[in-house]
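First the structure, in the form of structure tokens, and then the observations on it.
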Amino acid sequence: MIDVEDVSVRYPNGLLALEAMTLRVAPGEFVALVGPSGCGKSTLLRAIAGLHPPTGGVVRVEGAAVRAPSRRVGLLFQDPALLPWLRVADNIALPATLGASLATPVDDLLTLVELQGFGRAWPRELSGGMAQRVALARALATRPPVLLLDEPFGALDALTREALTARVAAITREGASTCLLVTHAIGEAIFLADRVLVASPRPGRVLGEVVVDLPRPRRWEMEAWPAFARARSEVRALLEAGPRP
Amino acid sequence: MTARSAALRAAPLLGIGAVLLVWQTLSLGYPPFILPGPVLVFNRFVSGLASGVLLRHAAVTLAEALPGLLIGAALGLIVGIVATRSAWVGRALAPLIVASQGVPFVAVAPLIFLWFGSGPLAKIIVCAVIVFFPIAVNVMAGLRAIAPQRRELVAAHAATRRDTLLRLELPAALPYLLAGLRVGATLSMVGALAGEFLSADRGLGFFINQAMGAYDTALVMAGVLAVVALALGLYGALRALEQALPGGGRV
Ligand SMILES: Nc1ncnc2c1ncn2[C@@H]1O[C@H](COP(=O)(O)OP(=O)(O)O)[C@@H](O)[C@H]1O
Ligand SMILES: [Mg+2]
């Protein structure tokens with residue numbers, strides 16, 4: 001469970017990136033937060049991950065107030081940030097060398113992200129999509145109860161992006177993890193989430209929410225379904241209405 | 246393409262051959278104590294090797310340059326890490342580091358001899374002082390070049406400072422350290438030789454000095470040849486170490 005209560009973040013240079021942001025992700029729920037670039041989405045995830053303490057408000061993960069990074073939270077960011085001196089398998093097992101214990105054997109993780117046989121490859125031998133799948137496997141290696149995703153496929157081409165999004169949907173639902181995705185891609189948010197929250201421009205606050213009424217497992221054909229189109233236009237409307245006075 | 250690549254491979258040999266040819270031709274016009282030819286120098290080099298004299302002196306020089314290199318590198322590594330971890334130490338060291346870039350530290354050798362005598366210890370210290378700064382500068386550059394995403398990744402795993410050092414910072418700085426070591430190896434040879442030129446009763450610097458005193462130019466050149474061989478050997482060993490690194494030749 002993620003509980004963000006009245007959280008504000010002001011950077012040392014005085015810039016107010018988030019103001020009184022409140023949101024809640026129930027256990028096992030997948031929530032997406034959609035907002036324009038620079039509205040403080042990454043800032044919010046950093047605060048939840050304990051990487052940057054909020055200047056106001058409280059973040060609770062699994063009931064405990066977040067003060068520092070915790071092994072109960074897995075991260076998948078836009079940059080796979082693989083370590084070039086480690087082979088793929090060792091990159092996936094990185095959490096183990098940093099004191100965590102792996103919940104799933106590396107070979108199974110490789111299978112999960114469809115990279116069987118690439119364990120001994122070096123990161124520089126991978127395509128962007130493969131590197132991001134390695135990062136996904138690394139994020140899942142400790143089977144964290146909470147998974148934070150920050151525009152995880154933003155740097156990839158459209159086809160790879162769709163395939164990986166579907167993969168993430170399947171994996172996170174099987175694992176029943178509590179997930180918070182932040183993105184500016186509306187389609188991706190609807191595809192993955194149970195609920196889509198819409199954030200205002202900086203300083204980001206939640207403008208409203210759209211419940212996604214689509215069955216699981218999700219498939220990309222559903223993009224043509226009326227429920228998908230309805231969710232999309234509701235999100236659009238919220239984004240365009242902007243902050244209420 | 247094969248003819249082209251064969252020609253490319255032969256080019257360095259041709260270059261060396263040309264130099265030797267010009268050298269041999271020139272030497273015909275001068276007495277050997279001014280310009281001995283390559284053949285004569287090579288003969289003196291080989292007989293020096295055979296009698297063990299060159300190896301004995303080379304071993305002395307290496308026994309100064311190598312410990313100096315290792316001590317200077319270890320100190321440079323430690324100071325580089327501390328200077329990047331603590332903003333205060335980094336700022337305190339910054340003017341020294343900047344100034345050091347333009348200072349020929351060999352110049353302090355006489356001072357070190359004054360304080361530590363002129364035995365092997367003093368020469369090791371000279372080498373270490375010369376090697377220290379480029380290594381420290383390189384290590385700092387390596388640590389500062391770590392992408393913030395990678396730092397964040399490791400931090401997000403609740404890594405301890407020790408694990409951050411071992412799993413992220415040291416591996417990331419290693420290529421920079423090795424590049425520094427390659428420069429340092431040459432500098433360390435310079436330090437050892439300068440020390441031996443100044444004051445010594447053994448070592449290749451002493452050997453060369455002595456041959457000069459005897460106006461035995463061919464022997465001087467044989468000594469220089471030994472220095473070159475030693476420096477290249479050290480450089481080659483470090484190069485091989487770099488190549489053997491996991492992910493060899495990575496950025
Ligand atoms: N370390 C920082 N220091 C100062 N300002 C920052 C820092 N990181 C981000 N910002 C600013 O905070 C705002 C929100 O950034 P971010 O959370 O990255 O937005 P988003 O992820 O929604 O695009 C932006 O205006 C950005 O320039
Ligand atoms: Mg962002």
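Same order as they appear, the protein sequences are chains A and B.
Heads up, the final residue of the first sequence is numbered 245 in this note's numbering, and it's a clean run with no missing numbers.
Heads up, the final residue of the second sequence is numbered 496 in this note's numbering, and it's a clean run with no missing numbers.
We put the CB at the ideal spot given by N, CA and C, even for glycine.
Would you mind working out which of the options sits nearest residue i, comparing C-alpha positions?
| i | options | result |
| --- | --- | --- |
| B/Ala404 | A/Leu98, A/Thr142, A/Leu149 | A/Leu98 |
| B/Arg562 | B/Ala344, B/Leu410, B/Ala424, B/Ala367 | With chain B represented from 246 up to 496, any question about residue 562 of chain B goes unanswered, as that position is not in the structure. |
| A/Pro215 | A/Ala20, A/Leu192, A/Gly50 | A/Leu192 |
| B/Leu356 | B/Val264, B/Leu265, B/Ala439 | B/Ala439 |
| B/Val286 | B/Ala485, B/Thr462, B/Leu486 | B/Thr462 |
| A/Asp157 | A/Leu83, A/Arg205, A/Ser127 | A/Ser127 |
| A/Val206 | A/Trp220, A/Asp213, A/Gly242 | A/Gly242 |
| B/Ala186 | B/Asn454, B/Leu426, B/Ala386, B/Leu259 | No answer is possible for residue 186 of chain B: it lies beyond the span of chain B, which begins at 246 and ends at 496. |
| A/Ile92 | A/Gly119, A/Gly129, A/Pro201 | A/Gly119 |
| A/Ser101 | A/Val61, A/Leu164, A/Thr142, A/Gly63 | A/Thr142 |
| B/Ala437 | B/Val291, B/His302, B/Arg289, B/Leu413 | B/His302 |
| A/Asp213 | A/Pro12, A/Asn13, A/Phe30 | A/Phe30 |
| A/Ala163 | A/Glu151, A/Leu83, A/Arg219 | A/Arg219 |
State yes or no: is the C-beta of residue i within less than 7 Å of the C-beta of residue j?
| i | j | result |
| --- | --- | --- |
| B/Phe350 | B/Val374 | yes |
| B/Pro416 | A/Trp122 | no |
| B/Gly468 | B/Phe452 | yes |
| A/Gly57 | A/Asp3 | no |
| A/Glu209 | A/Leu197 | yes |
| A/Arg246 | A/Leu94 | There is simply no residue 246 of chain A to check, as chain A begins at 1 and stops at 245 in what is shown. |
| B/Gln418 | B/Leu449 | Note that residue 418 of chain B corresponds to Ala in the displayed sequence, not to Gln. Going by C-beta atoms, B/Ala418 is not nearer than 7 Å to B/Leu449. |
| B/Leu265 | B/Pro283 | yes |
| A/Thr178 | A/Gly28 | yes |
| B/Leu314 | B/Val384 | no |
| B/Leu464 | B/Ala476 | no |
| B/Leu307 | B/Phe377 | no |
| A/Gln78 | A/Ala169 | no |
| A/Val59 | A/Val146 | no |
Quick check: the Cα distance between residue i and residue j, rounded to an integer number of angstroms?
| i | j | result |
| --- | --- | --- |
| A/Leu149 | A/Pro80 | 11 Å |
| B/Trp327 | B/Leu422 | Looking at the sequence itself, residue 327 of chain B is Val, so the reference to Trp does not match. Near 15 Å, if we compare the C-alpha coordinates of B/Leu422 and B/Val327. |
| B/Gly335 | B/Val324 | 9 Å |
| A/Arg124 | B/Ala318 | 29 Å |
| A/Glu234 | A/His52 | 32 Å |
| A/Ala199 | A/Asp90 | 37 Å |
| A/Pro69 | B/Pro365 | 51 Å |
| B/Ala392 | B/Val473 | 39 Å |
| B/Ala401 | B/Ile342 | 33 Å |
| A/Arg167 | B/Ser345 | 54 Å |
| B/Trp360 | B/Thr431 | 25 Å |
| A/Gly74 | A/Ile48 | 11 Å |
| B/Leu300 | B/Met466 | 15 Å |
| B/Val371 | B/Ala332 | 29 Å |
| A/Asp194 | B/Val382 | 52 Å |
| B/Ala295 | B/Arg406 | 54 Å |
| B/Glu487 | B/Pro379 | 18 Å |
| B/Val496 | B/Pro420 | Note that B/Val496 scores 44 on pLDDT, short of 50, meaning its location in the model is unreliable; the coordinates nonetheless yield the value given after this. Roughly 8 Å between the two C-alpha positions. |
| A/Val9 | B/Arg484 | 48 Å |
| A/Phe153 | A/Arg71 | 23 Å |
| B/Ile261 | B/Ser272 | 16 Å |
| B/Ala248 | A/Glu221 | 58 Å |
| B/Val353 | B/Ser433 | 14 Å |
| B/Leu490 | B/Pro340 | 33 Å |
| A/Met1 | A/Leu159 | 32 Å |
| B/Ala482 | B/Leu388 | 24 Å |
| B/Val305 | B/Arg447 | 7 Å |
| B/Ile338 | B/Thr329 | Sequence inspection shows Leu at residue 338 of chain B; the Ile mentioned does not correspond to that position. Taking the straight line from one Cα to the other gives about 10 Å. |
| A/Ala26 | B/Asp408 | 33 Å |
Mind listing the chain A neighbours of residue i? Cutoff is C-beta to C-beta under 9 Å, in chain order.
| i | result |
| --- | --- |
| B/Thr405 | Leu98, Gly99 |
| B/Gln394 | Phe77, Gln78, Asp79, Pro80, Ala81 |
| B/Asp408 | Thr97, Leu98, Gly99 |
Taking residue i as the query, report the chain A residues whose CB atoms sit under 8 Å from its CB, ordered along the chain.
| i | result |
| --- | --- |
| B/Leu322 | Going along chain A, no residue has its Cβ under 8 Å from B/Leu322, so there is no contact; the nearest lies around 17 Å. |
| B/Glu487 | Here the premise fails: no neighbours, minimum Cβ distance about 13 Å. |
Run down chain B in chain order and give the residues with a C-beta less than 7 Å from the C-beta of residue i.
| i | result |
| --- | --- |
| A/Ser70 | Ala403 |
Run down chain B in chain order and give the residues with a C-beta less than 9 Å from the C-beta of residue i.
| i | result |
| --- | --- |
| A/Pro95 | His402 |
Which residues of chain B have a Cβ atom closer than 8 Å to the Cβ of residue i, listed in chain order?
| i | result |
| --- | --- |
| A/Leu51 | Glu397, Ala400, Ala401 |
For a contact meaning CB atoms closer than 7 Å, what does residue i contact in chain A?
| i | result |
| --- | --- |
| B/Arg412 | Thr97, Leu98 |
Inter-stretch contact (C-beta, 8 Å, three-pair minimum) for the stretch 132 to 140 of chain A and the stretch 103 to 116 of chain A: yes
contact_flag[the stretch 263 to 276 of chain B, the stretch 218 to 232 of chain A] where n(CB pairs < 8 Å) is 3 or more: no
Pair every Cβ in the stretch 31 to 47 of chain A with every Cβ in the stretch 178 to 188 of chain A, then say whether three or more of these pairs are closer than 8 Å. yes
If you pair each beta-carbon of the stretch 2 to 22 of chain A with each one of the stretch 163 to 173 of chain A, do three or more pairs fall below 8 Å? no
Would you call the stretch 250 to 265 of chain B and the stretch 234 to 242 of chain A in contact, with 3 or more CB pairs under 8 Å? no
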